Amino acid sequence: METLAYPRLMAPLTLAGKRLRNRVVHASMTTLLAENARVSDRLLRYYGNRARGGAAMIVSEPVAMSASFDQPNRVRAWNDDAVEGLKRWAETVESADCRLLGQIVDRGRGRNLPGRSCDGIGASVLPDDLSWSVPRELGAAEIRHLVAEFAEGALRLQRCGFSGVELSCGHGHLFNQFLSPRSNVRTDEYGGDLSGRAKIVADTVGAVRELCGQGFIVGLKLPGDDGVPGSVGPPEAAAIAAHLTAPATVDYVCFAHGSHARSLEQHVPDSYGPRMPYLEAMRGLRASLRGVPLAALGRITDPAEAEGILERGEAELIALGRALVTDPAWPRKAAQGRARDIRNCVSCNTCWDRITAQRLPIACDNNPRLAEPEELGAQPVAAARRKRVVVVGAGIAGLEAAWVAAARGHEVTLFGRSAEVGGKTRLRAQLPGGDSLSSIYDFQYEAARRYGVTFELGVEASVGDVLALRPDAVVLAGGSTMLAPDWLPAEMRAAGLVPDLRSAMAALLRVKARQPGTAVIFDMDHSEGTYAAAELLHTLFDAVVIVTPRDSIAQFASLVTRQGILRRLSMRRIRLEVLSEPRWSERFEHGSLETVNVYNGDASVIDNVAFLAWSTPRAPDLGLAAPLRAAGVELHLAGDSKCARDVLAATAEGHAAGRAV
Ligand SMILES: Cc1cc2nc3c(=O)[nH]c(=O)nc-3n(C[C@H](O)[C@H](O)[C@H](O)COP(=O)(O)O)c2cc1C
4 METLAYPRLM APLTLAGKRL RNRVVHASMT TLLAENARVS DRLLRYYGNR
54 ARGGAAMIVS EPVAMSASFD QPNRVRAWND DAVEGLKRWA ETVESADCRL
104 LGQIVDRGRG RNLPGRSCDG IGASVLPDDL SWSVPRELGA AEIRHLVAEF
154 AEGALRLQRC GFSGVELSCG HGHLFNQFLS PRSNVRTDEY GGDLSGRAKI
204 VADTVGAVRE LCGQGFIVGL KLPGDDGVPG SVGPPEAAAI AAHLTAPATV
254 DYVCFAHGSH ARSLEQHVPD SYGPRMPYLE AMRGLRASLR GVPLAALGRI
304 TDPAEAEGIL ERGEAELIAL GRALVTDPAW PRKAAQGRAR DIRNCVSCNT
354 CWDRITAQRL PIACDNNPRL AEPEELGAQP VAAARRKRVV VVGAGIAGLE
404 AAWVAAARGH EVTLFGRSAE VGGKTRLRAQ LPGGDSLSSI YDFQYEAARR
454 YGVTFELGVE ASVGDVLALR PDAVVLAGGS TMLAPDWLPA EMRAAGLVPD
504 LRSAMAALLR VKARQPGTAV IFDMDHSEGT YAAAELLHTL FDAVVIVTPR
554 DSIAQFASLV TRQGILRRLS MRRIRLEVLS EPRWSERFEH GSLETVNVYN
604 GDASVIDNVA FLAWSTPRAP DLGLAAPLRA AGVELHLAGD SKCARDVLAA
654 TAEGHAAGRA V
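Take any residue in the sequence shown, count from 1 to its spot, add 3: that is its number in the working numbering.
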C-alpha cells in the first residue's frame, strides 16, 4: 500500500458536520481583488486556485457584513446586491471539495494607512495606538444592530453556499478593541469585566448560530497576545478563549498576534525572526479551549513543520496565510510527496505592503502568476514556434525569464557574470533576515535545469557572445549599479576607497573579521536590505551610524517591515543621523567624517570612522542594449535592467519576459 506523505496533515476532519478533506486551512487574506463591492473574475481565480490546490477550508477575506464596513474592494454581503457573485464564489470553492467561510470583521478605530480615520466606530473614545484615530463610541442599541447585521450577513452567505463564518477578533480590529481593557472602558453591559467586554463577540456567535443552525461552521480568530501593555496579553487571551468556547458553540479557534500599534509587525512575522514564532504561545493557550479544535497559525511554511505540529498534538488544523498566497498548490504538492516543488513564501510581507500602503491588489515576490490563469503549477502554455532565446543575467529576473521561456519550449541560453546564480539576491540572502530568499532562486534554478536551459556562468557576455547564438529574442536582466553620491570627490570614486554598500558587503562577507571603530552608511536607498547590512556591520564594528538626508529611514519599506527595522536598530543602539549628508574634508584621512544638516548647514563630526559606504539609487546596466537593438535583435528588459526596483518587479517582469518571447 502506498504510504501517504504527511499522513496527519492529510487526515480528514469534521467540523459542524462538514467534512474537511485534510487539515490545511487558508487563513483570511485581504486581496483587494473585489471590484465595486462585487466578486471579480480575478477574485474567483484566487480562491478557486487555492481550493483546487488542495486546501480543505478557506477563510475568505473580510466580507462587508455591515453597512459601516462598505468599501468598493470588499464584497458586499449586508444586502442582496452581490448575491450572484457570492453564489459563484461559494460554488467555485465548494465544488473543489473545499469549505468556504466568510470572515466577519470591522476595523473599528484601527488604521494602518497614513493619516487618521474620521469614520471609525469603537468601544470607547480612545485613540488607535498606531494612527491615533479617535473613534465614535457605539451606543448599546447600535451594537445590537451591528450584531444583527453580522448574523443576517452570515445567513445570506449560508444561502449562497458558504459553509461557515470566522469572526476576526484579533489584530486590533473592532472585536479586539472590545475585548481589550485598554480600548474598552465602557461601563454598560458591553464593557467592564471579561464577560461584558466579550459580549459583542459572544452575542454575534449566538446570533449566527440561531439563524444558521448547527451545521454551519463558526470559527474564532482570537488575540493570542496583542503586544500592547495593558491590553490582551497571554493570561487575558486564555481567559477570553475559555469564556468564548465554554458554551460549545464554536467549531474552531486560532490565535493572532499583534495589534494596531507598535506590535503590528507581529501579525505577519517576517524572516528576521524564527519560524513558527507563536507555537509556544499556542501551547500555553490550548488548555483554555477545552477540546475545541485549534488551528495553528503564524509563519508555518513547510509541510514537515505542519506535520510535526499535528504529530505532537499541538493543534488539529494548520492555518496558512502567506504560504498559500505564494503557492496555492502547497497542499496538493505536500499530499503527493512533492514538497520540494513548493514555491516558498519568503516572509517578506510585500503582499501586505501591496494591500495596505499601496492599496493595490495582492501580489507576491515569489508568485508572479498570483490569481492569474495557469497559476496552479501547471507548465506555461507552449509557444507556437520554438525560438532561440538568450537571457543575460542570472539574477532572479533572468532566471525567471529563462525557466519560463524554456518551459514554453524555447531553446534558452542564460549568461551570468558570476559563477553562481541568484545575483544580488544571493548577496542579500547572506545578510541578516535574508536566508529564506535563497528559495526564490533555488526554485528558479531547479526549474531552469529541468526544462533544459543552457547555463553560461562566470561569463560577462559581450555583444558578440550573444549574437553568435543567433537569437530570435534576447532578455536583458543584467541588474543595476549604485550611483556615487555628489559629496564623494571624483578621485575617491575612482580609487574605490569609499565603495557602494553592496560591494562593501560582498567584501566583508568574505572576511567577517571584527574591526575596531565606527561603520557609517550613507543612506539614499531606504529599502530593507540597507538596514540588514547595518545589522551585520553591528556585529563587526564598535558602532554603526546611518546618515540620511531624509527625516527618517526605511521609507521604501512596508510599515510592518519598518517597525521591525526600527526595533532592531534601536535595540542595537545603531545611531541615526537624519536630515544629514557627509561633507568631504581631509579629516576623513584621520578617521573623522563631517556631516551637515541639509536644511541649516550645521556641521557635526563622526569620529573614529573605520568603514564608510553609500547605498544610493541605482542605474540599469544596459551596455548591451543599444548594440543589440542596432543588430535588429528582439529585445526584452526585465527587473533592474528596466528600472532598478525590488524583488517583486524582478520576478514579475522576468516571468512576463519569459512568456513574451
Ligand atoms: C496580505 C495579508 C492580508 C491579510 N488580511 C487579513 C484579513 O483580512 N483578516 C485577517 O484576519 N487576517 C489577515 N491577515 C493575517 C493572516 O490571516 C495571518 O494571520 C498572518 O498572515 C499570519 O499567518 P502566515 O504567517 O501563515 O501568513 C493578512 C495577512 C497578510 C499578509
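Just so it is clear, CB atoms sit at the ideal spot from N, CA and C, and this is done for glycine as well.
Bear in mind that the values here come from a model prediction, so they are computed numbers and not experimental data.
Whole-angstrom C-beta distance between residue j and residue i, which should lie under 8 Å
i: residue 397; j: residue 424; result: 4 Å
i: residue 653; j: residue 622; result: That belief does not hold up - the Cβ atoms of residue 653 and residue 622 are roughly 16 Å apart, past 8 Å.
i: residue 584; j: residue 599; result: 7 Å
i: residue 567; j: residue 273; result: 6 Å
i: residue 331; j: residue 287; result: That belief does not hold up - the Cβ atoms of residue 331 and residue 287 are roughly 32 Å apart, past 8 Å.
i: residue 656; j: residue 642; result: 5 Å
i: residue 378; j: residue 52; result: 5 Å
i: residue 521; j: residue 613; result: 6 Å
i: residue 66; j: residue 156; result: 7 Å
i: residue 631; j: residue 478; result: Not really, about 11 Å apart at Cβ, beyond 8 Å.
i: residue 550; j: residue 591; result: With a Cβ gap of about 13 Å, residue 550 and residue 591 do not count as contacting.
From the options, residue whose alpha carbon lies closest to that of residue i
i: residue 58; options: 65, 93, 78 and 29; result: 29
i: residue 573; options: 528, 582 and 556; result: 556
i: residue 284; options: 233, 13, 228 and 314; result: 228
i: residue 42; options: 64, 31, 21 and 23; result: 64
i: residue 293; options: 312, 537, 431 and 243; result: 243
i: residue 185; options: 552, 128 and 429; result: 128
i: residue 473; options: 659, 33, 637 and 277; result: 637
i: residue 103; options: 176, 119 and 22; result: 22
i: residue 39; options: 60, 80, 20 and 56; result: 80
i: residue 438; options: 74, 276 and 326; result: 276
i: residue 487; options: 633, 651, 549 and 617; result: 617
i: residue 662; options: 390, 203, 431 and 230; result: 390
i: residue 230; options: 204, 138, 132 and 546; result: 132
i: residue 224; options: 197, 649, 105 and 357; result: 105
i: residue 163; options: 208, 114 and 83; result: 83
Beta-carbon proximity of residue i to residue j, cut-off 9 Å
i: residue 296; j: residue 318; result: yes
i: residue 140; j: residue 125; result: yes
i: residue 697; j: residue 35; result: Nothing about residue 697 can be reported from this structure: the residues present for the chain run from 4 to 664 only.
i: residue 31; j: residue 169; result: yes
i: residue 302; j: residue 350; result: yes
i: residue 257; j: residue 299; result: yes
i: residue 375; j: residue 48; result: yes
i: residue 562; j: residue 359; result: yes
i: residue 322; j: residue 9; result: no
i: residue 664; j: residue 639; result: yes
i: residue 394; j: residue 404; result: yes
i: residue 543; j: residue 578; result: no
i: residue 16; j: residue 320; result: yes
i: residue 343; j: residue 369; result: no
i: residue 485; j: residue 505; result: yes
i: residue 658; j: residue 407; result: yes
i: residue 159; j: residue 96; result: no
i: residue 19; j: residue 217; result: yes
i: residue 182; j: residue 201; result: yes
i: residue 312; j: residue 60; result: no
i: residue 337; j: residue 309; result: yes
Strand pairing of residue i, partner residues [DSSP]
i: residue 255; result: 222
i: residue 600; result: 583
i: residue 107; result: 170
i: residue 425; result: 398
i: residue 550; result: 525 and 580
i: residue 393; result: 416 and 477
i: residue 40; result: Paired residues: none, contrary to the question.
i: residue 607; result: 598
i: residue 228; result: 260
i: residue 650; result: BP columns for residue 650 are empty, so no partner.
i: residue 457; result: 416
i: residue 124; result: 139
i: residue 639; result: 478
i: residue 442; result: Paired residue(s): none; residue 442 is not in a bridge.
i: residue 468; result: Paired residues: none, contrary to the question.
i: residue 60; result: 28 and 102
i: residue 322; result: 28
i: residue 22; result: 17
Interface flag, residue i vs chain D, CB-CB below 9 Å
i: residue 422; result: The structure shown has no chain D; it contains just one protein chain.
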